[in-house]
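Undergrad: I have a structure here, written as structure tokens, and I will follow up with some questions on it.
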Amino acid sequence: MTFTVWAPLLLPFLTAPLARRFAEALAPRTAAWMLAGTAAALGGATAVSLTLLTLTGLLRLPPVAALGHLSPRWLPDGSPYTAAAAALVLLTVTALALRTVHRQYADLRRARAAAAQAAATGQLTVLEDERADAFALPGLPWQPGRIVVTTGMLRALDGPERAALLAHERAHLTAQHHVFLALTEYAAVLHPALRGLRTPLGYHLERWADETAARATGDRALTARAVGRAALAAARAPRPHRPGLAPAAHTGPVPRRVAALLAPEPRPYRHAPARTAAAVALAACLALTGSTALSATTDLHHTVEAAQGETHH
Amino acid sequence: MPELPQARRHAGELEAQVLAALWAARTPLTPQDVQTALGDGLARTTIATILARLHDKGTVGRTKAGRGFAYTPTVEDQAGLAARRMRSELERGQDRSTVLARFVSDLSDDDERLLRELLGEAS
Chain S
1 MTFTVWAPLL LPFLTAPLAR RFAEALAPRT AAWMLAGTAA ALGGATAVSL
51 TLLTLTGLLR LPPVAALGHL SPRWLPDGSP YTAAAAALVL LTVTALALRT
101 VHRQYADLRR ARAAAAQAAA TGQLTVLEDE RADAFALPGL PWQPGRIVVT
151 TGMLRALDGP ERAALLAHER AHLTAQHHVF LALTEYAAVL HPALRGLRTP
201 LGYHLERWAD ETAARATGDR ALTARAVGRA ALAAARAPRP HRPGLAPAAH
251 TGPVPRRVAA LLAPEPRPYR HAPARTAAAV ALAACLALTG STALSATTDL
301 HHTVEAAQGE THH
Chain B
1 MPELPQARRH AGELEAQVLA ALWAARTPLT PQDVQTALGD GLARTTIATI
51 LARLHDKGTV GRTKAGRGFA YTPTVEDQAG LAARRMRSEL ERGQDRSTVL
101 ARFVSDLSDD DERLLRELLG EAS
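Listed in order, the protein sequences are those of chains S and B. Residue numbers for the first sequence follow this note's numbering, so the first one is 1 and each next one is one higher. Residue numbers for the second sequence follow this note's numbering, so the first one is 1 and each next one is one higher.
In structure tokens, the structure reads:
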């Protein structure tokens, strides 16, 4: 029990950097699925592990033990402080996760209310704003998503570039990219090591939409120009000071996206030994996380059964 | 005449492109102007049909121009308010989690230089 219950809490520190490295070797769509899937799996295992640690502590409390007809003698050893700490962490991350859900929902509701007052046709909403901006506003099951574009952005691009921009945003909505982002956001709340997956996921989702737009327009260079000119137009507008955004010393995501579009379409199955090794290592980490979480759960279950059996005889 | 691939696209996508072209222009556009602006080989009759449909929905207004019409997007009373509200929503989202996927993120000075090189533009 001791090792298996702690493993899901420790493995993300190893697995998340592996997933980041591995994503670089994959096509955008595969990379996005892999990153969001890894985040969801590791976040889930973290929640299981914290719950088990908390339960182990709770079962040792005399009233709980009496309620479950448990013989304390048979229960697993464990420091009450560990259980109390696990309970505290579990409560905190649950509260933070609920706050994230609430914020995301409130942000979307307000953005949708603002969009509802603007000029619209079908999927497109136009905002009269000279600052260049564009984004996909996710829908709800009963409400379709919207593409929101400012007049500043529309005027910065020519007709075919605008078609590429619309195809890019449509790709976000069609493939439900906001679900990938939301899941990874929750996972990052559950385990700090998973925070590092958000930026690469965001990048690969943009690349995915870029590739879809390039296929829709049938012109990679045109799509590259649309992305590049949109970014330059957006950068021209004076922006409010952003404390969270340090000046990047490395190459930012937009030039990388443009360069990727100017290169030939990535081949989905390039065989590279390094990539295979990364895939095997990642799969092993995920399998170990899953099996330890499962084994810790089974252990606790057996222990409780044994402790119940003891009081009945 | 063989049908162009663009003509088979979803009607909603074409409507969006036409409306985007009207918003990008600062003056009313005739169907021919829209055809030139889109620059992707759509038939003028297709564009005229889309414009008529947008006009029926009240999304665009039109004025007589020669033998036909010139179209301009209908400006909503609350359009400026909508833009301001959306701006404040986006600025609020800068420092916290958001599920809105922005088309382009910010550029550093190096990014901007590199981007201009990639696009073959003089800085």
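We put the beta carbon where it would ideally sit given N, CA and C, even for glycine. Since the structure is predicted, the reported quantities are computational estimates derived from the model, not experimental observations.
For aspartate 111 of chain B and chain S, any beta-carbon pair shorter than 8 Å?
TA: Residue 111 of chain B sits at position 111 when you count from the first residue of the second sequence. So, interface residue.
Undergrad: Name, please, each residue of chain S whose Cβ falls closer than 8 Å to the Cβ of proline 73 of chain B.
TA: Looking up residue 73 of chain B in the second sequence gives position 73. Residues of chain S passing the Cβ test: Ala119 and Val126.
Undergrad: Taking the beta carbon of arginine 242 of chain S as the centre, do at least 16 other beta carbons fall within 10 Å, making it buried, or is it exposed?
TA: For the purposes of this step, residue 242 of chain S is taken as residue 242 along the first sequence, with counting starting at 1. Interpretation of arginine 242 of chain S is limited by its pLDDT of 39, a score under 50 that renders its predicted location unreliable; the figure taken from the coordinates is listed afterwards. Classification of arginine 242 of chain S: exposed, given that the 10 Å Cβ count is below 16.
Undergrad: Determine the direct distance from the alpha carbon of proline 17 of chain S to that of leucine 70 of chain S, and round the result to whole angstroms.
TA: Taking the first residue of the first sequence as 1, we reach residue 70 of chain S at position 70. Taking the first residue of the first sequence as 1, we reach residue 17 of chain S at position 17. So the two alpha carbons sit approximately 42 Å from each other.
Undergrad: Return the residues of the stretch 37-55 of chain B that lie within a Cβ-Cβ distance of less than 8 Å from chain S, sorted by chain order.
TA: Per Cβ criterion, the list reads Ala37, Leu38, Gly39, Asp40 and Leu54.
Undergrad: Measure from the C-beta of glutamine 32 of chain B to each C-beta in chain S and report whether the shortest distance is under 8 Å.
TA: Counting from 1 along the second sequence, the entry for residue 32 of chain B is found at position 32. Chain S, which has no Cβ nearer than 8 Å to the Cβ of glutamine 32 of chain B, makes this no.
Undergrad: Of the residues that make up the stretch 137-167 of chain S, which ones have a beta carbon closer than 9 Å to any beta carbon in chain B?
TA: The residues in question are Leu137, Pro138, Ile147, Val148, Val149, Thr150, Thr151, Met153, Leu154, Arg155, Ala156, Leu157, Asp158, Gly159, Pro160, Arg162, Ala163, Leu165, Leu166 and Ala167.
Undergrad: Looking at C-alpha atoms only, which residue of S:Glu24, S:Gly228 and S:Thr217 is the closest neighbour of alanine 274 of chain S?
TA: Within the first sequence, numbered from 1, the residue matching residue 274 of chain S stands at position 274. Out of S:Glu24, S:Gly228 and S:Thr217, S:Glu24 has the C-alpha closest to the C-alpha of alanine 274 of chain S.
Undergrad: Could you spell out the range, first to last residue, of the beta strand (DSSP E) harbouring glutamine 137 of chain S?
TA: By 1-based counting over the first sequence, the position of residue 137 of chain S is 137. The identity of residue 137 of chain S in the sequence shown is leucine, whereas the question assumes glutamine. Start and end: 134-137.
Undergrad: How would you call alanine 199 of chain S, buried or exposed, if buried means at least 16 neighbouring beta carbons within 10 angstroms?
TA: As a first step, residue 199 of chain S must be located in the first sequence, where it is residue number 199. First, the amino acid is wrong: residue 199 of chain S is threonine here, not alanine. Classification of threonine 199 of chain S: exposed, given that the 10 Å Cβ count is below 16.
Undergrad: Measure from the alpha carbon of alanine 47 of chain S to the alpha carbon of each residue in S:Gly290, S:Gly228 and S:Met153, then state which is nearest.
TA: Counted from its first residue, the first sequence places residue 47 of chain S at position 47. Comparing Cα positions, the closest option is S:Gly290.
Undergrad: Threonine 27 of chain B CB to nearest chain S CB: under 8 Å?
TA: As a working note, residue 27 of chain B is residue 27 in the second sequence. It does not: the Cβ of threonine 27 of chain B has no partner Cβ on chain S nearer than 8 Å.
Undergrad: Among B:Gly12, B:Asp109, B:Ala21 and B:Ala11, which residue has its Cα nearest to the Cα of proline 73 of chain B?
TA: The residue you call residue 73 of chain B lines up with position 73 of the second sequence. Closest option to proline 73 of chain B, Cα to Cα, is B:Ala21.
Undergrad: If contacts are defined as beta-carbon pairs under 8 Å, then alanine 231 of chain S and leucine 115 of chain B qualify, I think. What distance do you get, rounded to the angstrom?
TA: For the purposes of this step, residue 231 of chain S is taken as residue 231 along the first sequence, with counting starting at 1. For the purposes of this step, residue 115 of chain B is taken as residue 115 along the second sequence, with counting starting at 1. Their Cβ separation, rounded to whole angstroms, is 6 Å, which keeps alanine 231 of chain S and leucine 115 of chain B in contact under 8 Å.
Undergrad: Which term fits glutamine 123 of chain S, buried or exposed, when burial requires 16 or more other beta carbons within 10 angstroms of its beta carbon?
TA: To locate residue 123 of chain S, count along the first sequence from 1; it is residue 123. Glutamine 123 of chain S should be labelled buried.
Undergrad: I'd like the list of long-range same chain contacts for alanine 39 of chain S, defined as Cβ closer than 6 Å, with 5 residues on each side in sequence excluded.
TA: Within the first sequence, numbered from 1, the residue matching residue 39 of chain S stands at position 39. Only Thr184, Ala187, Leu194 and Leu197 meet the Cβ criterion.
Undergrad: Under 8 Å between C-beta atoms, does proline 255 of chain S make it to chain B?
TA: Taking the first residue of the first sequence as 1, we reach residue 255 of chain S at position 255. Yes - at least one Cβ of chain B is within 8 Å of the one on proline 255 of chain S.
Undergrad: How would you list, in chain order, the residues of chain S whose beta-carbon sits under 8 Å from the beta-carbon of threonine 59 of chain B?
TA: Along the second sequence, one-based indexing puts residue 59 of chain B at 59. Correct list: Ala119, Ala120 and Thr121.
Undergrad: Within 10 angstroms of its Cβ, does leucine 245 of chain S collect 16 or more other Cβ (buried), or is it exposed?
TA: For the purposes of this step, residue 245 of chain S is taken as the residue at position 245 of the first sequence. Because the pLDDT of leucine 245 of chain S is 35, which lies under 50, any placement of that residue in the model is unreliable, and the number read from its coordinates should be weighed accordingly. Classification for leucine 245 of chain S: exposed.
Undergrad: Does the CB of alanine 248 of chain S have a neighbour CB from chain B at under 8 Å?
TA: Your numbering for residue 248 of chain S matches position 248 in the first sequence. Low confidence applies to alanine 248 of chain S: its pLDDT is 36, below 50, so where it sits in the model is not reliable, and the reading given next is rough at best. Yes, alanine 248 of chain S counts as interfacial toward chain B.
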